[in-house]
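*Asks:* Residue numbers (numbering that gives the first Met the number 0), protein chains in the order written: chain Y, 0 to 145; chain B, 0 to 145; chain H, 0 to 145; chain A, 0 to 145.
Number of protein chains: 4
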Amino acid sequence: MKDKTPEKYHITEMRVPLFEIDIGQVVYHGNYFHFYNTARDEFFREMGYPYIEFMKRGEHLAIVETNCKFKGPVSYDDIIEIHTGVSWLRTRSISLYQAIFKRDENHNLSMVNEALFNMVCISDQFRAAKIPEEFAYKVKTWMNNK
Amino acid sequence: MKDKTPEKYHITEMRVPLFEIDIGQVVYHGNYFHFYNTARDEFFREMGYPYIEFMKRGEHLAIVETNCKFKGPVSYDDIIEIHTGVSWLRTRSISLYQAIFKRDENHNLSMVNEALFNMVCISDQFRAAKIPEEFAYKVKTWMNNK
Amino acid sequence: MKDKTPEKYHITEMRVPLFEIDIGQVVYHGNYFHFYNTARDEFFREMGYPYIEFMKRGEHLAIVETNCKFKGPVSYDDIIEIHTGVSWLRTRSISLYQAIFKRDENHNLSMVNEALFNMVCISDQFRAAKIPEEFAYKVKTWMNNK
Amino acid sequence: MKDKTPEKYHITEMRVPLFEIDIGQVVYHGNYFHFYNTARDEFFREMGYPYIEFMKRGEHLAIVETNCKFKGPVSYDDIIEIHTGVSWLRTRSISLYQAIFKRDENHNLSMVNEALFNMVCISDQFRAAKIPEEFAYKVKTWMNNK
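1) How many whole angstroms separate the CB atoms of residue 107/B and residue 99/B, which I take to be in contact at a CB cut-off of 8 Å?
2) Which runs of the beta strand (DSSP E) fall wholly inside the segment 25-112 of chain A and span at least 3 residues, in chain order?
3) Assuming residue 121/B and residue 127/B make a contact with CB atoms under 8 Å, what is their CB distance in whole Å?
4) If you pair each beta-carbon of the segment 133-140 of chain A with each one of the segment 43-63 of chain A, do three or more pairs fall below 8 Å?
5) Tell me which residue opens and which closes the alpha helix (DSSP H) that residue 12/H is part of.
6) Which residues in chain Y sit within 8 Å of residue 21/H, going by Cβ to Cβ distance?
7) Between residue 29/H and chain A, is any beta-carbon pair separated by less than 9 Å?
8) Answer yes if the segment 79-90 of chain A comes into contact with the segment 25-38 of chain A, meaning at least three C-beta pairs across the two stretches below 8 Å, and no otherwise.
9) According to DSSP, simplified to helix, strand and coil, what is residue 135/Y?
10) So if DSSP puts residue 118/A in a beta bridge, which residue, or which two residues, is it bridged to?
11) Using a Cβ cut-off of 9 Å (strictly closer), state whether residue 37/H contacts chain Y.
12) Starting from the C-beta of residue 72/B, find all residues in its chain whose C-beta is less than 6 Å away, skip the five residues before and the five after it, and write them out in chain order.
13) Below 7 Å on C-beta distance, what does residue 72/Y contact in chain A?
14) Taking residue 97/H as the reference, which of 20/H, 110/H, 119/H and 88/H has the closest Cα?
15) Can you pull the chain H residues whose beta carbon is under 9 Å from the beta carbon of residue 67/B, in chain order?
16) Let's test the definition: count the other Cβ atoms within 10 Å of the Cβ of residue 87/B and tell me whether it reaches 16, buried, or not, exposed.
17) Taking only beta-carbon atoms, is residue 97/H less than 9 Å away from chain A?
18) To which residues does DSSP link residue 20/H through a beta bridge?
19) Comparing the CB of residue 129/A with every heavy atom of the ligand GTP, is any distance shorter than 8 Å?
20) Please name the residues in the segment 32-57 of chain B whose beta-carbon is closer than 8 Å to at least one beta-carbon of chain H, in chain order.
21) Given a limit of 7 Å on CB to CB distance, which residues of the segment 6-21 of chain H reach chain A?
22) Quick one: list the residues of chain Y neighbouring residue 75/H, beta-carbon separation under 8 Å, in chain order.
23) If you draw a straight line from the C-alpha of residue 4/Y to the C-alpha of residue 23/A, how long is it?
24) Under 9 Å between the Cβ atoms of residue 138/B and residue 61/B?
25) Identify which residue in 125/Y, 102/Y and 94/Y has its Cα closest to the Cα of residue 117/Y.
26) Once you ignore the five residues that flank residue 43/B on each side, which residues in its own chain have a CB closer than 7 Å to its CB?
27) Taking the straight line between their C-alpha atoms, what separation do you get for residue 15/H and residue 90/A?
28) Could you tell me the alpha carbon to alpha carbon distance between residue 46/A and residue 141/A, rounded to whole angstroms?
29) Tell whether a beta-carbon distance below 9 Å holds between residue 32/Y and residue 65/Y.
30) Comparing alpha-carbon positions, which option in 11/Y, 8/Y, 20/Y and 9/Y lies nearest residue 74/Y?
31) Here's the rule: buried if 16 or more other CB atoms are within 10 angstroms of the residue's CB, otherwise exposed. What is residue 41/A?
32) Measure the Cβ-Cβ separation of residue 147/Y and residue 29/A and say whether it is below 9 Å.
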């Protein structure tokens with residue numbers, strides 16, 4: 000996933016809730032997608048285009064592909080950082096690179112998960128749609144503000 | 000819950016999936032509602048009025064109250080039976096009594112959970128609606144066929 | 000649930016995540032238990048006895064009964080407050096009353112859900128255990144500090 | 000994913016439950032992993048080595064990487080088939096290719112999702128472990144029985 004690694008990240012911090020933990024005493028593999036989803040939401044909101052704006056237009060950003068690497072366990076009550084960056088932005092699609100880091104008491108980070116999400120803009124009837132201009136503008140502005 | 004205990008039950012059988020298990024190695028308390036939901040769906044389908052018929056009318060059976068008792072742990076791979084019965088049926092609402100039993104190798108059952116669900120029929124706009132006549136008819140027919 | 004209504008509440012604020020929403024465009028009934036769980040965790044942590052301390056002792060607070068009333072829909076991106084209070088505390092059990100309020104732009108609150116949770120302290124082997132003394136002390140101190 | 004496509008598949012059939020559906024009226028992207036998980040469980044059980052046997056040894060098959068493609072929506076009450084095949088088997092790891100098909104009334108299948116799961120055998124303490132010999136034997140036998 001290296002060549003797509005973004006230069007800039009939005010950071011969401013959270014504590015791992017009990018209901019995300021499975022029989023192995025760690026986060027269930029399918030539940031990492033909750034963390035990534037929440038982080039994307041915070042990213043879009045802080046960038047100035049909350050995800051709900053897509054929905055008001057009758058649109059969604061649908062995930063068409065993900066590649067996800069599970070590098071280490073995450074436990075209940077762990078404090079994690081979710082880093083979200085933009086790999087690329089096109090007329091009808093966007094690719095986000097996201098990674099989850101576990102933070103110890105000394106604020107050292109170790110990566111426990113990383114994932115790439117390719118998303119396309121679709122209408123409520125599952126037809127391809129153009130990414131809203133305002134969203135694209137906000138993304139580009141965010142990427143250029145270093 | 001005794002006075003509301005129905006005389007007749009629909010029975011759904013299933014194996015407890017791994018993703019329903021939590022950090023305590025047993026089913027997460029909020030996930031019993033998945034089992035009850037699936038059992039109601041099978042009950043309605045076999046009774047002759049699949050739940051999706053409500054949705055085609057732009058309606059839902061919304062739960063307004065539940066009382067749920069957790070009597071014993073349920074583990075991954077356990078075989079459970081979910082018993083579903085009708086406590087009462089009114090013009091706009093229905094109450095179901097449901098219970099979950101763990102089944103051992105000798106097919107002995109021990110109750111691990113029981114719950115009462117009071118539901119009202121609502122429209123997509125969350126307005127009260129009458130229970131569809133055909134549904135009511137099917138429920139009454141099922142209750143009377145012993 | 001009136002006679003058990005506590006006098007004092009801990010308040011947790013959160014935004015409703017997308018993954019808690021179901022086909023009816025509102026929070027799935029079984030997912031309210033995630034919000035209540037998270038709020039109890041924050042309450043215990045701020046009270047001075049994080050839930051993970053139970054687990055370090057090989058113990059859990061297991062829910063044995065809940066009564067939950069669904070009074071109105073909660074949507075994606077809504078800001079909610081979860082109020083958590085103590086109904087009673089005994090040697091081996093505790094009862095919490097919790098309620099969820101939707102907050103509008105003017106910071107007006109409307110109750111959308113309320114629930115009572117009776118919990119008992121159990122060991123990893125599902126045997127009844129005494130509530131840890133330190134936890135009981137912290138709960139009583141919190142209840143008396145008005 | 001073509002070069003890793005297996006020649007033989009185990010097939011699990013199920014009906015999509017309501018609680019897997021999200022705000023877009025289709026299965027939430029993170030919940031496809033529930034279907035894949037359930038299908039792997041059924042595959043292992045029918046192959047003669049139920050997953051719980053790993054757990055009795057204090058071991059798990061931990062997913063270390065997944066590549067998942069979302070090709071079309073799946074709705075509540077849809078009947079799906081989950082096809083599970085073995086891409087490769089090594090001393091400490093296994094790779095499964097799985098795909099989900101939607102089945103229409105004429106029993107025609109259309110692929111809606113496909114995923115590759117690379118898994119390693121680990122102990123309860125998250126140390127690498129060898130795949131149990133009996134499991135490896137059962138997998139090879141299954142692959143060779145055409």
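Idealized CB from N, CA, C, for every residue including glycine.
*Replies:* The answer reads as follows:
1) To locate residue 107/B, count along the second sequence from 1; it is residue 108. To locate residue 99/B, count along the second sequence from 1; it is residue 100. Not a contact, Cβ separation roughly 15 Å.
2) Counting only unbroken stretches of 3 or more residues, the beta strand (DSSP E) elements lying wholly within the segment 25-112 of chain A are 58-69, 78-88 and 92-102, in sequence order.
3) Taking the first residue of the second sequence as position 1, residue 121/B is located at position 122. Taking the first residue of the second sequence as position 1, residue 127/B is located at position 128. Yes, they are in contact, since the Cβ atoms of residue 121/B and residue 127/B sit about 6 Å apart, within 8 Å.
4) Between the segment 133-140 of chain A and the segment 43-63 of chain A, the count of Cβ pairs shorter than 8 Å is three or higher; the stretches touch.
5) Within the third sequence, numbered from 1, the residue matching residue 12/H stands at position 13. From DSSP, residue 12/H is part of no alpha helix (DSSP H) but of the beta strand (DSSP E) over 9-14.
6) Position 22 of the third sequence, counting from 1, holds the residue named residue 21/H. Contact note: residue 21/H does not reach chain Y at a C-beta cutoff of 8 Å; the least C-beta distance is about 15 Å.
7) Locating residue 29/H in the third sequence gives position 30, counting from the first residue. At a cut-off of 9 Å between beta carbons, residue 29/H contacts chain A.
8) Touching, yes.
9) Working through the first sequence from its first residue, we reach residue 135/Y at position 136. Of the three classes helix, strand and coil, the one that applies to residue 135/Y here is helix, per DSSP.
10) Position 119 of the fourth sequence, counting from 1, holds the residue named residue 118/A. Residue 118/A pairs with 62/A and 93/A.
11) Residue mapping note: residue 37/H aligns to position 38 of the third sequence, counting from 1. Yes, residue 37/H lies at the interface with chain Y (some Cβ there is under 9 Å from its Cβ).
12) Within the second sequence, the letter at position 73 stands for residue 72/B. The residues are 25.
13) For the purposes of this step, residue 72/Y is identified with residue 73 of the first sequence, where counting begins at 1. Ordered by position in chain A, the residues that pass the 7 Å Cβ test against residue 72/Y are 125.
14) Taking the first residue of the third sequence as 1, we reach residue 97/H at position 98. The shortest C-alpha separation from residue 97/H is found at 110/H.
15) Along the second sequence, one-based indexing puts residue 67/B at 68. Result: 62, 64, 65, 66 and 67.
16) Start at 1 with the first residue of the second sequence, and residue 87/B comes out as number 88. Counting Cβ neighbours within 10 Å, residue 87/B comes out exposed, since fewer than 16 surround it.
17) To locate residue 97/H, count along the third sequence from 1; it is residue 98. No, because no Cβ of chain A sits closer than 9 Å to the Cβ of residue 97/H.
18) One-based indexing of the third sequence puts residue 20/H at position 21. According to DSSP, which records beta bridges pairwise, residue 20/H is partnered with 26/H.
19) As for the ligand GTP, it is missing from this structure, which has no ligand bound.
20) Residues passing the 8 Å Cβ filter: 32, 33, 36 and 54.
21) Under the 7 Å Cβ criterion, the segment 6-21 of chain H contributes 17, 18, 20 and 21.
22) Position 76 of the third sequence, counted from the first residue, corresponds to residue 75/H. Listed by position along chain Y, the residues whose Cβ is nearer than 8 Å to that of residue 75/H are 51 and 54.
23) Residue numbering aside, residue 4/Y sits at position 5 when the first sequence is read from its first letter. Residue numbering aside, residue 23/A sits at position 24 when the fourth sequence is read from its first letter. Answer to the nearest angstrom: the Cα atoms are 29 Å apart.
24) Your numbering for residue 138/B matches position 139 in the second sequence. Your numbering for residue 61/B matches position 62 in the second sequence. No, the Cβ-Cβ distance between residue 138/B and residue 61/B is not below 9 Å.
25) Along the first sequence, read from residue 1 onward, the residue named residue 117/Y stands at position 118. Here the closest residue by C-alpha is 94/Y.
26) What you label residue 43/B is simply residue 44 of the second sequence in a count that begins at 1. Here the set comprises 49 and 50.
27) By one-based count along the third sequence, residue 15/H stands at place 16. By one-based count along the fourth sequence, residue 90/A stands at place 91. Approximately 44 Å between the Cα atoms of the pair.
28) Taking the fourth sequence and counting its residues from 1, one reaches residue 46/A at position 47. Taking the fourth sequence and counting its residues from 1, one reaches residue 141/A at position 142. Separation of residue 46/A and residue 141/A (C-alpha to C-alpha, rounded to the nearest whole angstrom) is 7 Å.
29) For the purposes of this step, residue 32/Y is identified with residue 33 of the first sequence, where counting begins at 1. For the purposes of this step, residue 65/Y is identified with residue 66 of the first sequence, where counting begins at 1. Against a cut-off of 9 Å, the Cβ pair of residue 65/Y and residue 32/Y comes out as a contact.
30) By one-based count along the first sequence, residue 74/Y stands at place 75. Here the closest residue by C-alpha is 20/Y.
31) The count along the fourth sequence starts at 1 and reaches residue 41/A at position 42. Residue 41/A should be labelled buried.
32) The requested residue 147/Y does not occur in the structure, where chain Y is confined to residues 0 to 145.
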